Amino acid sequence: MLFSLLLLACSGSPAAPSAPAAGPPQGAPRGPPPPGSPQGPPPGGQGPNGMAGVSGAKMQDPSGFPHFHDQPAPEGPAITGVGTWGAPVKLTETKGGGYRPQVAAGPDGLLHALYYERTDAGDLIRHRTSRDGATWTAPAPLGLTDNRNWGPDLVARADGSVVVVFDHARADFSSVGYVTTWRGGTWSTPEALTADDGGEIGSGHVADAAGDQLAYVWIGKPMSPTEHFRARWRWFKDGTWSAAKDFTDGAADAWHTNVERRPDGSVLAGYDVGTGGAETVLYVVDGRDGAFGTPENLSASSTAGERPHFAFGADGTDHLTYFRKEMGRPMHVYVRSGKPGAWAAPEEPSTGYGGYHFDPDIAINKDGVRCLVWGWDAGEDAEMVYSLNRGSGWEPPKKIADIDYGKPGLASIVDDATGAFHIVWNQGVRGQNEVYYARLTP
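If you're matching positions, the sequence shown starts at 952 in the working numbering and goes up one per residue.
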């Protein structure tokens, strides 16, 4: 599985309190070690299909630290203010740190946080829950117990269960997508969702749909430099999974997939297609009643883009966010609103500010307030930032917190029944990242 796709990529234990994160010592490094250093990326920077018969994942920095952080940040005004989020809580307490976190809120308000930890046995997934965001249960394992359990995604369902999908990569980087379900505090045995045929998969995401339905999307290909990743999907309906079907034809690589549920039980999926590290064409596709429709080229009416995320208003309006690179550097974060086939022009809440802007996510609460979050790196200062839209445009961005260490990335945000927003993200340097949680009442 291509790590760059996902990072740019004791069940039943008693509750263990986590204190607000303490800042690192003054002068602690923000930047990564240089290329070729013990914790740095492999020298040479080969691309995804740079070696015959070898997985692209072997060409990537195993900690998933995006290479654009190694370059001087674009100049311009800084984002200096700190918003009104609660004090961040650090969810990782071991030397293995945490990567690719996700958060969901159950119907009873129970918060679920996931991430994976780098251990001697492999990259293993951890699950923690909380009632108040301040005190969390001890990290509990889920998924498989060896190799690389990457890219977990979760959805909390109306019946109180939680569904998680993840990508499992072996030592040779052949990989399979899995699903597991949490009921009554117990995780089911992981079930394979993709073929175990020696190929490579990644970017698995799941959404619950009407009734007991689930929609699953991912990318996959044979492990060959002449093959391209295809965006694919399956649908769980009436107790069974459909056959795997393709969104794309494999003429060019498909990258970051995503799928999320609308209030009416339908779903919206998205993915981007093109050359890795370059500008890519963004597609969205409507799904309902066990099937997806015809993909829509969203870039044809706006800009190149990648890594789509969605939020859905009670008024039937869809909102999506994505970011765009220029010459391999993430420079713009956009939001579009509307519905398939009828989208408003893109808005750019990041405009006017220096630094890199990347990995956005978005949520909308019961009062119609939208919260957009994204990673921001201006070199000497780098934090997770956010902007609110209360119906009168996007407010100037502010920092969620002053961690004052490393680089932020890969946020996951969700709203709850009270209208509060909850976020998790990872932040650190190459080879060592921590996971943080914070809460906002707008």
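The C-beta atom is built at its ideal place from N, Cα and C for all residues, glycine as well.
Since this is a predicted model, take the numbers as computed values, not measurements.
Asked: For Leu1093 versus His1078, is the C-beta distance shorter than 8 angstroms?; Found: yes
Asked: Could you check the C-alpha separation between Asp1118 and Val1365 for me, to the nearest Å?; Found: 22 angstroms
Asked: Assign His1179 to one of three DSSP states: helix, strand, or coil.; Found: coil
Asked: Would Pro1281 be called buried (16 or more neighbouring beta carbons within 10 Å of its own) or exposed?; Found: buried
Asked: Looking only at C-alpha atoms, which of His1270, Ala1296 and Leu1165 sits nearest to Val1157?; Found: Leu1165
Asked: Distance check for Ala1265 and Pro1359, CA to CA, integer angstroms please.; Found: 31 angstroms
Asked: Could you work out which residue in Thr1080, Thr1086, Pro1090 and Arg1069 is closest to Arg1099 when comparing CA atoms only?; Found: Arg1069
Asked: Compare the Cα-Cα distances from Trp1101 to each of Thr1191, Ile1152, Val1284 and Ser1112 and report the closest residue.; Found: Ile1152
Asked: In this structure, how does DSSP classify Asp1118 when only helix, strand and coil are distinguished?; Found: strand
Asked: What would DSSP say about His1373, mapped onto helix, strand or coil?; Found: strand
Asked: Can you pull the DSSP bridge partners for Gly1171?; Found: Ile1152 and Arg1181
Asked: Taking only the alpha-carbon atoms, compute the straight-line gap between Leu1233 and Gly1201 and give it to the nearest angstrom.; Found: 15 angstroms
Asked: Helix, strand or coil for Phe906? Go by DSSP, reduced to three states.; Found: Residue 906 lies beyond the range of the chain shown here (952 to 1393); nothing can be said about it.
Asked: Under a Cβ-count criterion, where at least 16 other Cβ atoms within 10 Å of its own Cβ denotes burial, should Asp1059 be classed as buried or exposed?; Found: exposed
Asked: Does the segment 1272-1291 come close enough to the segment 1029-1038 that 3 or more CB-CB pairs lie under 8 angstroms?; Found: no
Asked: Suppose you measure from the CA of Ala1251 to the CA of Thr1268; what does that come to, to the nearest Å?; Found: 20 angstroms
Asked: Can you round the beta-carbon distance between Gly1279 and Phe1019 to whole angstroms, since I take them to be within the 8 angstroms contact cut?; Found: 7 angstroms
Asked: Quick one: residues in its chain with C-beta nearer than 7 angstroms to the C-beta of Pro1300, no 5 flanking neighbours on either side, listed in chain order?; Found: Val1284, Val1286, Leu1323, Ser1338, Trp1345 and Pro1348
Asked: So what does DSSP say about Asp1310, is it helix, strand or coil?; Found: strand
Asked: According to the neighbour-count rule (16 or more other Cβ atoms, all chains shown, within 10 Å of its Cβ), is Ala1072 buried or exposed?; Found: exposed
Asked: Return the Cβ separation of Trp1327 and Gly1306 in integer angstroms, given the expectation that the two are a contact with Cβ distance under 8 angstroms.; Found: 5 angstroms
Asked: Taking C-beta to C-beta, are Gln1378 and Ile1354 nearer than 8 angstroms?; Found: yes
Asked: List in chain order: all unbroken beta strand (DSSP E) runs of 3+ residues lying wholly within the segment 1082-1112.; Found: 1086-1088, 1091-1093 and 1098-1107
Asked: Starting from His1283, trace the beta strand (DSSP E) both ways and give me its first and last residue.; Found: Arg1280 to Lys1290
Asked: Please classify Gly1111: is it buried, with 16 or more other beta-carbons within 10 angstroms of its beta-carbon, or exposed?; Found: exposed
Asked: Residues in its own chain within less than 7 angstroms of Leu1105 by CB, not counting five upstream and five downstream?; Found: Gln1053, Ala1055, His1063, Leu1065, Val1113, Val1114 and Val1115
Asked: Relative to the C-alpha of Arg1134, which residue among Ala1109, Ala1120 and Thr1272 is closest?; Found: Ala1109
Asked: May I have the straight-line CA-CA distance separating Val1236 from Gly1244, to the nearest angstrom?; Found: 6 angstroms
Asked: Does the distance from the CB of Val1127 to the CB of Ala1107 come in under 8 angstroms?; Found: no
Asked: Roughly how many whole angstroms lie between the Cα atoms of Phe1261 and Asn1316?; Found: 13 angstroms
Asked: Looking only at its own chain, which residues have a Cβ that is under 8 angstroms from the Cβ of Arg1239, when we skip the five neighbours before and after it?; Found: Ala1160, Ala1161, Gly1216, Ser1217 and Val1218
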